[in-house]
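Novice: Structure provided below as structure tokens; questions to follow.
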Amino acid sequence: MSRISSAPAQQAASILNFIGGEFVAAGSGKTFENRSPVDGCLLGLVSEAGEAEVDAAVKAARAALAGPWGALEMAERTELLYAVANEISRRFDEFLQAEVADTGKPASLARHIDIPRGAANFKIFADVVKNVPGEFFQMATPDKKGAINYAIRVPRGVIAVIAPWNLPLLLMTWKVGPALACGNTVVVKPSEETPATATLLGEVMNAVGVPKGVYNVVHGFGPGSAGELLTRHPGIDAVTFTGETRTGAAIMKAVADRVRPVSFELGGKNAGVVFADCDFDAAVEGMGRAVFANCGQVCLGTERVYVERPIFDKFVAALKAKAESLKPGRPEDAKTGLGPLISQEHRNKVLSYYDKARDEGATVVTGGGIPKMEGGLANGFWVEPTIWTGLPEDSAVVREEIFGPCCHVRPFDTEDEAVRLANDTQYGLASTVWTTNLARAHRVAAKIEVGICWVNCWFLRDLRTPFGGSKQSGIGREGGVHSLEFYTELRNVCVKL
Ligand code: NAD
Ligand code: 6OD
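By our numbering, the letter at position 245 of the sequence shown is numbered 269, and the numbering carries on one by one without gaps.
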């Protein structure tokens, strides 16, 4: 990754690893830079965990499992998780500041989504584990005395949580919440781009009395660094990961020798399907959010938009107006509608698709470049929100995940054609469908091959429902009781009476 550096040895890291309840610098003294995507300024140095720190974190997690954490009753455990949620809410502004500094996203977005969900992810799974139905059977036996056969759920053990940078606290706690609720301990490897909120959560864990070693954080990169060291560590019982599909493939290989289970939320190339009978304004508003929110850095976002021909031109014009209304700016400015991309490296990737679209013959409806920013902001990683039309379905821009504020819009003529186009991808994470025809809504939702299909909305769901991706967008489902399938094992007990 681009932000690694050999910082002078005398400069101390401001962001430390959190191991066994202590904030610790790596013994090697290695650090890497954490820079603001808004203006490129140095936010601090992060201590890069090596083999010794990863090993210590896994051992601390194992010890907590065998010790104080494993000894807690479920009610005591869930009380601690409610306390974690409350403490995140109490320190809301600190989490907000940290998340916004790392990501550059508009503070209004983080205030409404990232931080509240960081707290909710602990509450919801504390609720869920208290209400899990069990299995119990009375059996007849030849001696007529009978038997009772039932299943209990036990924690899997030490869970490695590998998280991405786009919704750092939300996506990390979406894994840590259920893992802890089910009685596991965790070692988290946050993205190298966004180390702050995972570290702050360590303070919260200590403050509310979560036993030391239950929650550990190691900082670093993927291959050859903390990420790979963690997934290859023999003390890990399972890996839960959110990130790119090809990283998921590397992690699968890393755990294959030890046959460890994985839960993956991976990439997408999500389709939005807009029928002519939709509520037009709601569809434009919803698709605008699905394409441009978080500067397009949402795995559930839409990069392929299919619009029924009678409203195609009108829809493209309205989406263009929406794109052009989004003003880039500082996160704390209430007028800011669009943040920067996360890094220079990611901006290079997104801009390479802006170039490819032109090379492939796209009509650039709006955007396609870098906005002119004033003063320090000129050093940030900004791109223009961008809309293309006129590309064939086999072009790179239509097939590959870009993860930027951009989409290709194409007309369709029939419902069958819309479903076929939406499904013509190796991914299967999410889709959004806009129609006022109820029968059509149900029909199309059932046919689109994705983990979640939204109708007349986007990014809305009850956290008790299953979440995950089909095809190359993931393995497994998390959310509500579905998380228990991954974070616990069922043990069968049969008692002869
Ligand atoms: P990434 O795969 O590059 O990195 C994610 C995490 O994995 C980081 O912490 C990184 O350091 C670590 N990592 C990288 N290589 C590793 C390796 N070989 N072994 C162990 N760890 C490794 O993803 P990203 O760039 O942080 O996030 C963007 C991607 O994540 C996009 O593809 C997006 O679609 C996907 N994503 C998916 C979901 C979902 O719910 N399906 C959610 C958010 C993001
Ligand atoms: O809302 C969630 O729980 C979730 N996993 C969202 C994923 C967003 C991807 O960027």
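In this text, a Cβ means the ideal position worked out from N, Cα and C, and glycines have one as well.
What does the Cβ neighbour count give for C206, buried or exposed, with the cut at 16 atoms within 10 Å?
Specialist: Buried, because 16 or more other Cβ atoms sit within 10 Å of the Cβ of C206.
Novice: So, helix, strand or coil for T197, using DSSP?
Specialist: helix
Novice: Give a yes or no on whether the C-beta atoms belonging to V108 and F146 are separated by under 7 Å.
Specialist: yes
Novice: Would you check whether ligand 2 has a heavy atom nearer than 6 Å to the C-beta of V200?
Specialist: no
Novice: Cβ of V389 within 7 Å of Cβ of V340?
Specialist: yes
Novice: When the Cα atoms are used, what is the spatial distance from V322 to W482?
Specialist: So the alpha carbons of these two residues sit roughly 12 Å apart.
Novice: From R434 to C518, what distance separates their C-alpha atoms?
Specialist: 59 Å
Novice: Identify whether M523 lies in helix, strand or coil by the three-state DSSP scheme.
Specialist: Coverage of the chain is limited to positions 25 through 521, which leaves residue 523 absent and any answer about it impossible.
Novice: Compare the C-alpha of D437 against each of P235, P334, L120 and C302 and name the closest.
Specialist: P334
Novice: Figure out for me which residue from K520, G399 and V421 has the closest Cα to the Cα of G392.
Specialist: V421
Novice: Report buried or exposed for D138, applying the criterion of at least 16 other Cβ atoms within 10 angstroms of its Cβ.
Specialist: buried
Novice: Could you check if P369 is buried or exposed, using at least 16 other CB atoms within 10 Å of its CB as the buried criterion?
Specialist: Strictly speaking, residue 369 in this sequence is Glu, with Pro absent from that position. When all chains shown are included, E369 counts as exposed.
Novice: Tell me which same chain residues have a C-beta within less than 8 Å of the C-beta of P32, skipping the five on either side of it?
Specialist: With a pLDDT of 45 at P32, under the threshold of 50, the predicted position of this residue should be treated as unreliable, though the coordinate-derived value follows. Hits under 8 Å: none found.
Novice: Give the straight-line distance between the Cα atoms of V329 and L462, rounded to the nearest whole angstrom.
Specialist: 20 Å
Novice: In the DSSP output, what is A477 paired with across the bridge?
Specialist: Per the sequence shown, the amino acid found at residue 477 is Cys instead of Ala. As computed with DSSP, C477 is found in a beta bridge with S455.
Novice: Would the C-beta of P247 count as close to ligand 1, meaning under 6 Å from any of its heavy atoms?
Specialist: yes
Novice: Nearer than 6 Å: is that true of the beta carbon of L324 relative to any heavy atom of ligand 2?
Specialist: yes
Novice: By Cβ distance, which residues of its chain are closer than 6 Å to K199, with the 5 residues on each side in sequence left out?
Specialist: V185 and T264
Novice: With a threshold of 16 other CB atoms inside 10 Å of the CB of E417, please say whether the residue is buried or exposed.
Specialist: exposed
Novice: Under the assumption that R180 contacts E513 (Cβ atoms under 8 Å), give the Cβ distance between them as a whole number of angstroms.
Specialist: 6 Å
Novice: For a test of the three-state rule: what should DSSP assign to H432, helix, strand or coil?
Specialist: Correct three-state label for H432: strand.
Novice: Find out if the Cβ-Cβ distance for the pair S507, P214 is shorter than 7 Å.
Specialist: no
Novice: What residues are listed by DSSP as bridge partners for W412?
Specialist: V388 and H432
Novice: Return yes when the C-beta of N294 is under 6 Å from any heavy atom of ligand 2, and no when it is not.
Specialist: Relative to ligand 2, N294 has its C-beta separated by 6 Å or more from all heavy atoms.
Novice: Between N190, T387, P188 and Y239, which has its C-alpha nearest R209's C-alpha?
Specialist: At residue 209 the sequence reads Thr, which differs from the Arg that was named. Nearest of N190, T387, P188 and Y239 to T209, Cα basis: Y239.
Novice: To the nearest whole angstrom, what separates the beta carbons of A187 and V212, a pair I think is in contact under 8 Å?
Specialist: 7 Å
Novice: Output the boundary residues of the alpha helix (DSSP H) element that contains K380.
Specialist: Q368 to D383
Novice: On the premise that T449 lies in contact with T413, defined as a C-beta separation below 8 Å, what is that separation, rounded to the nearest angstrom?
Specialist: Not quite, the Cβ-Cβ distance comes to about 19 Å (not below 8 Å), so this is no contact.
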